[in-house]
Amino acid sequence: MKLTLKVWRQNNKNDEGRFVDYAAKDVSPDMSFLEMLDVVNIDLVKKGETPIVFDHDCREGICGSCGMMINGRAHGPGRGIATCQLHMRSFNDGDEITIEPWRAKAFPVLKDLMVDRTSFERIMRAGGYTSAKTGGIPDGNTILIPKPVADEAFDAAACIGCGACVAACPNSSAMLFVGAKVSQLALLPQGQAERETRVTRMVAQMDEEKFGSCSNTYACEAECPKGISVTHIARLNREFVSAQF
Amino acid sequence: MNPFFRFINSSVGKKVLMSLTGIFLAIFLIEHLAGNLLLLKNDNGEAFNGFAKFMGGNPVVRILEVGLLSLVLLHIFNGTRLWLGNRSARDKGYGAYRLDENTTLQSRMMKISAALVFVFLTVHMKKFWVPARFQGEHDIASLVYYTFQQPFYVIFYLAAFFILGYHLRHGFQSAFQTMGFRTKRYQSLIEFVAVLFWLVLPLGFAVIPLYIYFFGGSPVAVVQ
Ligand code: HEM
Ligand code: SF4
Ligand code: FES
């Protein structure tokens, strides 16, 4: 396959940035999107140009670092996948592909496609740790958690913190991410001790970071690689309101 | 800061204010439609004018009216505040952005439907509410019959009801999501009740201008 890539290039935080066109030749439909970028980068290095910088680590959809906007979609076309799980067979020979970093005030661009997502980190830190002393390993049957509740908490825990929800949202809202994190602990006995302070602090930090307000468009759920449901946002709202009054 | 103001200025609090004001406005529409349907009675507008007189004269209703107006203003003020805040949360936009592949049209049109409902409300209040409250007009029914003899107003009102329905198509379920009720269990119930608000209610309102235009309503006492 032959493709034309329109890639966002930006030297550093303060650089204006611009789209640059690249021709990608000999792209195999079996390559992942990141492998395709690797091949383009090898060519750039050979020509003495700086390679396109993008975040990546696990390349199997679990670390959450590889986010980028591809043809206007977070993690590209397809549902329930991260960019590293996107294959080139999702495109056609001769396609033009626009590749940009996540866009949000809370995610400043560091270089090219790489953004700074430490705002998520600060929200997690604001949530704090679970102070319940666990002591030795208790007998499993002494902490009863109904299976549907455990499943729901597990679904929330599947969030990999990739930021696609923020990137896809017209308001750059982080509600799906924060909803998942709050839900996960609010559902389990271990999370009860700090239940109210946790949600209050996490929402305050989220606002401090200048993420937008949710307008329930549900674009986040559509783009989340882990299929986190917006019912976790409803729970976040519930938890927050009941913690205030 | 006072806990109430801290809440109302948080991102979640702003949304809760939006949904509470929105839902109260939507509930008001039921009362408004019920009253207006009296216009369809073939009695020279007597029943409707009687109702309007009661509403205008009753002190409790007058207080509720002030409350309703404050709700409208609060809804608009808060909506504008949210819109500006959300706009600034993304300082640089995308070169390509396919929000259309992830969201419904009605959710993307909220600000536009809201602005159009606002235009309608201004015209509507000027047309009927200002004469009734401030210009001593007692025969509002005739004013309505006269207005809906004019094709322009019939079309204008029909368009407005369509847009209001569109605003509520997203807004109603959105409000319940914001208040935290839209769980898996209640989702289908909310969607069902929502139909009453975004479809049945606007259709009910639409009957009035259509009926008057095509079937004349009551004999017209020419006003103005
Ligand atoms: C007068 C002009 C109006 C303006 C400027 C306006 C503005 C808005 C805005 C900006 C939103 C937020 C949309 C979003 O978050 O994406 C909204 C939501 C809403 N509006 Fe309105 N609106 C108006 C009239 C009305 C009326 C007359 C009703 C009811 C009859 C109504 C009911 C709602 C509801 C239920 C919501 C959803 C609340 C939520 O998202 O949680 N609005 N409105
Ligand atoms: S909620 Fe989904 S889209 Fe958002 S950060 Fe977590 S995994 Fe990524
Ligand atoms: S590289 Fe780890 S999720 Fe894609």
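Line by line, the protein sequences are chains E and U.
Under the numbering used here, the first residue of the first sequence is numbered 16, with each subsequent residue one higher.
Under the numbering used here, the first residue of the second sequence is numbered 2, with each subsequent residue one higher.
Ideal Cβ placement from N, Cα and C applies to all residues, glycine included.
Taking the Cα positions, E/SER244 is about 35 Å away from E/VAL54. Each of E/ASP70, E/ALA182, E/VAL42 and E/HIS71 was checked against the Cα of E/ASP58, and the nearest Cα belongs to E/VAL42.
The criterion of a C-beta distance shorter than 8 Å is satisfied by U/SER12 and E/SER228. Taken through DSSP and simplified to helix, strand or coil, U/MET180 comes out as coil. Proximity of chain U to E/THR113 at the Cβ level (cut-off 7 Å) is accounted for by GLY96 and ALA97, in chain order. Taking all protein chains in view, the Cβ of U/ALA160 is surrounded by fewer than 16 other Cβ atoms within 10 Å, so the residue is classified as exposed. Under the three-state reduction of DSSP output, E/ILE112 falls in the strand class.
Residue range 33-39 is occupied by the beta strand (DSSP E) that includes E/VAL35, with no alpha helix (DSSP H) assigned at that position. In the DSSP assignment, the residues bridged to E/LEU20 are E/TYR37 and E/ILE112.
With a cut-off of 7 Å, the C-beta of E/PHE122 is classified as distant from the ligand SF4, since no heavy atom of the ligand falls inside that distance. Chain E places a beta carbon closer than 8 Å to that of U/VAL17, counting this residue as a contact. Using a cutoff of 7 Å, the CB of E/ILE77 counts as near the ligand FES, since one of the ligand's heavy atoms is closer than that. Contact between E/LYS126 and E/GLN25 holds, with the beta-carbon distance rounding to 6 Å and staying under 8 Å.
Beta-bridge pairing by DSSP links E/ALA89 to E/MET84. Under the 10 Å beta carbon count, E/LEU52 is surrounded by 16 or more other beta carbons and is classified as buried. Under the 8 Å criterion on CB atoms, U/SER175 is classed as interfacial with respect to chain E. In the three-state scheme derived from DSSP, where H, G and I count as helix and E and B as strand, U/LYS42 is classed as coil. Under the 10 Å beta carbon count, E/ASP70 is surrounded by 16 or more other beta carbons and is classified as buried. Within 10 angstroms of the beta-carbon of E/GLY176 lie 16 or more other beta-carbons, which makes it buried. Secondary structure of U/HIS76 (DSSP, three-state): helix. Remark: C-beta atoms of E/VAL197 and E/MET221 do not approach each other more closely than 8 Å. DSSP places E/VAL124 in the uninterrupted beta strand (DSSP E) bounded by 124-126.
Exclusion of the five residues before and after E/ALA141 leaves ARG216, MET217 and GLN220 as the residues of its chain whose Cβ lies within less than 6 Å of its Cβ. Contact annotation: U/THR148 and U/HIS76 have beta-carbon atoms that are not nearer than 8 Å. Not a single unbroken stretch of the beta strand (DSSP E) spanning 3 or more residues falls wholly within the region 146-204 of chain U. Proximity to U/TYR214 across U/TYR187, U/GLU66, U/ALA90 and U/LEU41 peaks at U/LEU41, based on C-alpha coordinates. Taking 8 Å as the CB threshold, U/PHE8 lines the interface with chain E. Around the beta carbon of U/LEU202, a 10 Å sphere encloses 16 or more other beta carbons of the protein chains shown; the residue is thus reported as buried. For U/ASN87, the C-beta contacts it makes with chain E under 8 Å involve PRO185, ASN186, SER187, SER188, GLY227, SER228 and SER230, in order along the chain. In the three-state reduction of the DSSP assignment, E/HIS102 falls in the strand class. By the neighbour-count criterion, in which 16 or more other beta carbons inside 10 Å mark a residue as buried, E/GLU238 falls on the buried side. Closer than 8 Å to the CB of U/THR22 there is not a single CB belonging to chain E. Nearest to E/ARG118 by C-alpha distance, out of E/CYS73, E/LYS162, E/CYS184 and E/ALA171, is E/CYS184.
U/SER89 is bridged by DSSP to nothing; it lacks a bridge partner.
The ligand FES has a heavy atom closer than 7 Å to the beta-carbon of E/ASP72. At a cut-off of 8 Å between C-beta atoms, U/LEU100 counts as an interface residue with respect to chain E.
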